[in-house]
Amino acid sequence: NVRTAAINADCILIVIDASRVPEKVDDVMEGGTSDAKEKPPTLLVLNKKDLIKPGEISKRIQWYATF
105 NVRTAAINAD CILIVIDASR VPEKVDDVME GGTSDAKEKP PTLLVLNKKD
155 LIKPGEISKR IQWYATF
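Going by my numbering, the sequence shown runs without a break in its numbering and finishes at 171.
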């Protein structure tokens with residue numbers, strides 16, 4: 105289960121399909137780190153970025169950066 109694994113993780117790697125409509129990272133994680141004392145470092149990777157227009161890539165990065 106993502107929630108249990110995230111609580112015990114030293115770091116988190118989230119791989120998201122960049123060609124799909126953005127989702128809140130918290131929704132993807134299902135609130136997995138909300139019970140943790142301190143949130144571990146998180147790395148967000150946008151996969152399949154070759155399937156979207158170049159101008160959209162920066163918009164997606166900015167959108168995800170807010171979460």
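Using N, Cα and C, we set each Cβ at its ideal position, and we do this for glycine too.
One or two residues paired with residue i in a DSSP bridge
i	result
I118	L148
Distance between beta carbons of residue j and residue i, contact taken as under 8 Å
i	j	result
S123	I156	5 Å
Burial state of residue i (16 or more Cβ within 10 Å)
i	result
A110	buried
Residue closest to residue i, alpha-carbon to alpha-carbon, out of the options
i	options	result
K153	D121, K163, C115	D121
W167	V125, E142, P158	V125
Beta-carbon contacts of residue i that lie in its chain and below 7 Å, excluding the five residues immediately before and after
i	result
V119	V149, N151
Close Cβ partners of residue i (< 8 Å) along its chain, the five nearest in sequence each way excluded
i	result
C115	P144, P145, T146, L147
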